[in-house]
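The structure appears below as structure tokens.
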DNA sequence: CAGCCAACTGTATAAAATACACTTATGACG
DNA sequence: CGTCATAAGTGTATTTTATACAGTTGGCTG
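Protein chains in written order, with my numbering: chain A, 1 to 234; chain B, 235 to 468.
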């Protein structure tokens, strides 16, 4: 967790609860993580996840959303609890249990100014710097969760703009699974799921011919989930 | 969480961290949950999971193991964090975030006297009473996790005695998945995984003919995991 | 109008999941 | 001592799903 210590009296004999956000994005074929350069002691200048103490009257999940909104200006973001980190000595300054949450955001959406103001930076997941405390562990665990979860829940769509192309989606899944997928098989599988709505528009940013845009069919997804359907995406 | 309140001064303006244990067992073809009758106010007489406050100098996972050992007398039990429960009003008495852990134990192992002394009772999962606070939710979430996890990790073995028969194992998986499995296909699949060691003993408790006993091949399992093998059990 | 590039499409093969029915070992009981 | 009852154990055919693989199309560029 990364509280602004100047605002707080930390008491050594008190138990604190914090929440830290692992914020994933996707851009240019790469999975990205939003990290922050600490501007206060201790650990000034080191990279860290963004976090906050949980307030006395505040739900843990609300605290996480508050942090995310403060930083990105975004609301209605996919967010899910990862797990709690509770080693007694995880933070040398005081006793603090941190509940890590991971969020998937659409990079094109977020407010650039806002993040820069907070000293934030998008890192390629393969080029992450060392993070403070146990934050590197958190990211590793979140990545494992993302990989597993992507198999059976269409969370990938949270990382793309509302309208996206099949090649974009494939590139995202390739980044998550860290391996190349066969384009014919990927498309075939996807189409049989019935989760996409084909639009009458093309995206021409990456080819002369252009690729059709699709959007995610939330309604049908909900219906399928209710009827107990079992997904397997790519 | 279920602290012995008489031992504590609870301060309304303090944040507490607790841990609650969802303890699963398996007996007579049914999945079981270990629940406790509260002997102190508030909620005296209602059923509850067992739990404890996390001590200032204690890891969260250590606190959970401490509770489990106090109650069952068992050590070296499969235990894994489920998630943190952090609603601000989840406990009306004071602000407390609880980190739920689920444990799988071998019912024949545990110390009966010890559990009875604590007012414990094994419930069939289908006949659970209402539990205090958000504990019913915890059990539901743990059950969902168990179902999913059982597919790709051989955790089922944690619930059986060291030596077990194939029909016993099948009955366990039927209880977890809540559906009948085909005995021929179950056996076939299992054998291809190479996770079982056949013993030269039979269990005759449930048939005249007797069924061969097996034990779990931990060594080979470790090897397979390291080599990146992907399981799918039943 | 030729060339280039990514988008798009179909089929054959292999692997895995499912469905399904009879034989065997053994103790109980007449 | 033979037959009956019971759960343990076994094999094959079919369907479904995953994988492997190569050529055509649309549309801009020069």
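Note that the Cβ used here is the ideal one computed from N, Cα and C, for glycine as well.
Owing to the predicted nature of the structure, the values given are computational and were not obtained by experimental measurement.
- Residue 247(B) is classed as exposed because its beta carbon has fewer than 16 other beta carbons within 10 Å across all chains shown.
- Between residue 79(A) and residue 103(A), the gap from beta carbon to beta carbon is short of 7 Å.
- Within the DSSP secondary-structure output, residue 355(B) pairs in a beta bridge with 269(B).
- The closest CA to that of residue 398(B), considering only 329(B), 370(B), 444(B), is found on 444(B).
- About 7 Å separates the beta carbon of residue 147(A) from that of residue 177(A), a gap short enough to meet the 8 Å contact definition.
- Within 10 angstroms of the beta-carbon of residue 416(B) lie fewer than 16 other beta-carbons, which makes it exposed.
- For residue 333(B), same chain residues with a beta-carbon under 6 Å away, outside a window of 5 residues either side, are 253, 294, 318 in chain order.
- Sixteen is the threshold: since fewer than 16 other Cβ atoms of the shown chains lie within 10 Å of the Cβ of residue 222(A), the residue is exposed.
- If you check the CB distance, residue 268(B) and residue 257(B) come in under 7 Å.
- Using a Cβ-Cβ cut-off of 8 Å, residue 147(A) is close to nothing in chain B; its nearest Cβ partner there is about 12 Å away.
- With 16 or more other CB atoms across the displayed protein chains lying within 10 angstroms of its CB, residue 64(A) is buried.
- Apart from the 5 residues on each side of it in sequence, residue 142(A) sits with its Cβ closer than 8 Å to the Cβ of 22, 24, 82, 100, 102 in its chain, given in chain order.
- In its chain, beyond the 5 residues on either side, 272, 366 have a beta carbon closer than 6 Å to the beta carbon of residue 280(B).
- Assigned with DSSP and collapsed to three states, residue 467(B) falls in coil, not helix or strand.
- A direct Cα-to-Cα measurement between residue 191(A) and residue 170(A) gives close to 13 Å.
- Identification of residues in the segment 59–73 of chain A having a C-beta nearer than 7 Å to some C-beta of chain B yields 59, 60, 61, given in sequence order.
- For residue 402(B), there is no enclosing beta strand (DSSP E); the residue is found in the alpha helix (DSSP H) stretching over 400–411.
- Where residue 256(B) is concerned, there is no enclosing alpha helix (DSSP H), although the beta strand (DSSP E) around it starts and stops at 249–261.
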